[in-house]
Amino acid sequence: MRMHCSIICFLLILTSMLGVPFLRTAGATDLRAGVARIEITPDKPVTMSGYGARKGLSTGVHDPLSARVLAFEANGRRLVLVSTDLIGFYSGTADSMREAILSEFGLEPSELFLTGIHTHAGPALTIDREGGHPNNLEYTEMLKGRLIEVIRQALDRMELASLGLGIGHCPIGANRRELRFSKADEPSIVLGRDPYGPTDKEVLVMNVVGPEGGLKAVAFDYATHATCLSGKNYTISGDVLGLAEQAAERILGPDVIVPAFAGASGNINPWFRRLSGFDTDPNWVPEPVLLGTFLGQEVVHVCRKIDRTVFADRIATAIATLQLPAKPEEDSSEWDDSGTLPFNVTVARLGDVAFVGLGGEVLTEIGLAIKAASPCEHTFVITHCNGAAGYLAPKELYVRGGYEIRSTRFAPQAAEVVVRESIRMLHDL
-17 MRMHCSIICF
-7 LLILTSMLGV
3 PFLRTAGATD
13 LRAGVARIEI
23 TPDKPVTMSG
33 YGARKGLSTG
43 VHDPLSARVL
53 AFEANGRRLV
63 LVSTDLIGFY
73 SGTADSMREA
83 ILSEFGLEPS
93 ELFLTGIHTH
103 AGPALTIDRE
113 GGHPNNLEYT
123 EMLKGRLIEV
133 IRQALDRMEL
143 ASLGLGIGHC
153 PIGANRRELR
163 FSKADEPSIV
173 LGRDPYGPTD
183 KEVLVMNVVG
193 PEGGLKAVAF
203 DYATHATCLS
213 GKNYTISGDV
223 LGLAEQAAER
233 ILGPDVIVPA
243 FAGASGNINP
253 WFRRLSGFDT
263 DPNWVPEPVL
273 LGTFLGQEVV
283 HVCRKIDRTV
293 FADRIATAIA
303 TLQLPAKPEE
313 DSSEWDDSGT
323 LPFNVTVARL
333 GDVAFVGLGG
343 EVLTEIGLAI
353 KAASPCEHTF
363 VITHCNGAAG
373 YLAPKELYVR
383 GGYEIRSTRF
393 APQAAEVVVR
403 ESIRMLHDL
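According to the working numbering, the stretch in the sequence shown is residues -17 to 411, in order.
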């Protein structure tokens, strides 16, 4: 035993003197990562997403839209995180986009997180050749090619990498379920601002560092709608989350990509919301730029303070299509015989970092519950991921009503199933 310890000490001293890493244990694998970014701004006027009353075509571009990719590989498994400056993948586009990507790169379904930052100032995707606008059909097809191209770039750039995690906070998101009283003193929940309502202020930041110590990417997760701009706006923009990405990238330099992921924010709006456009008063900072810069600079503050490497030499992933209880009055072709509707949950673990991708517009209480019960120290809760099932609200809010409760297709107990199954899936990994 004494001889064994002496040999280990000698090897440690020798490798330290030579400037090489100590021998790895048998079976250990290295984490490799590749990152890439590509522009996806429409080059023609398009119908825009997010507000049903908005019927016209876009009239200009305020800031460019991008798709950003983080690709990881370890122990024979891959994990591809795709962040797009879009509302999400609605109107059946999630399945068609995923099928094309999975087929092109031989990925397992659980290895792909295809997400949107939920900007309401971007193009509407469509594969409806009869009802969709020709420019949007063309854009959607172009997007598919761009996504395949940028994922290929990320996979081709794989190299040894390490991760760092940090947590900041930002107050730009506000609960939007405001209680108001009518002249007859009748209460109702409206889309407004409740400064005291529950929010998730956490800014979860992950640094990806190359083998020579250079910063390659800074991913962040924050829970807010990207709805500074209203349906009266016809200018293309990434809105608050897209502008946060761009602000951080300007500071960190052109070689660093900053993908954003929308946390559980179905009932969270930016502090300033539903504006008709960008205020051009020379003495005024447009609200989307103000809030986006605030968030982007918090991401950079956290990034610069990260000084600890997270051990991550294994990847594990899983995906499930949960059949959630639907509202009794729902009349949909998606129902099965038991009165349920599908909801996709994708989970991954990168060492002790967890990712939970939820295929819908999930209220913040659900995200907070998943984070609290997660077996991992850091958990990215990512919405608008691998599906577009609509609003998912916690049971206790059904009594109060409001827009999210009227809009959801799911029954009150559905959220509990998603929280429970998400945590079970993480534990199973």
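We put the CB at the ideal spot given by N, CA and C, even for glycine.
Per DSSP, Y385 is one residue of the alpha helix (DSSP H) stretching across 385 to 389. Apart from the 5 residues on each side of it in sequence, H44 sits with its Cβ closer than 7 Å to the Cβ of T217, I218, S219, F260 in its chain, given in chain order. Y121: not part of any beta strand (DSSP E); member of the alpha helix (DSSP H) spanning 116 to 138, first to last residue.
Per the DSSP secondary-structure output, P307 pairs in a beta bridge with T322. In the structure shown, C210 adopts coil according to DSSP, grouped into three states.
Rounded to whole angstroms, G213 and R80 show a C-alpha spacing of 29 Å. In the three-state reduction of the DSSP assignment, D176 falls in the strand class. Around the Cβ of L340, a 10 Å sphere holds 16 or more other Cβ atoms; the residue is buried. In this chain, D289 is not harboured by any beta strand (DSSP E), its DSSP state being neither H nor E. Contact check for F392 against L374 passes: the beta carbons are separated by less than 7 Å. For T66, the CB contacts under 6 Å within the same chain, skipping 5 residues up- and downstream, are A49, G98 in chain order. Within the stretch 217 to 292, the runs of alpha helix (DSSP H) that reach at least 4 residues and sit entirely inside it are, in chain order, 221 to 234, 269 to 287. Residues T206, V222, P252, W253, L273, F276, L277 of the same chain have their beta carbon placed closer than 8 Å to that of I154, with the five preceding and five following residues left out of the count. For K37, the secondary structure class from DSSP, reduced to helix, strand or coil, is coil. Taking a 10 Å sphere around the C-beta of V363, we find 16 or more other C-beta atoms and assign the residue as buried.
Taking a contact as a CB-CB distance under 8 Å, the pair L107 and N368 does not count as one, their CB atoms being some 15 Å apart. In the same chain as K309, and ignoring 5 residues on each side of it, the C-beta atoms closer than 8 Å to its own belong to T390, R391, F392, A393, in chain order. For P24, same chain residues with a beta-carbon under 6 Å away, outside a window of 5 residues either side, are P105, Y121 in chain order.
Sequence-distant Cβ neighbours of V17 in its own chain, meaning closer than 8 Å and more than five residues away, are R50, V51, L52, A53, A136, R139, V190, K198, A199, I239. Assigned with DSSP and collapsed to three states, K198 falls in strand.
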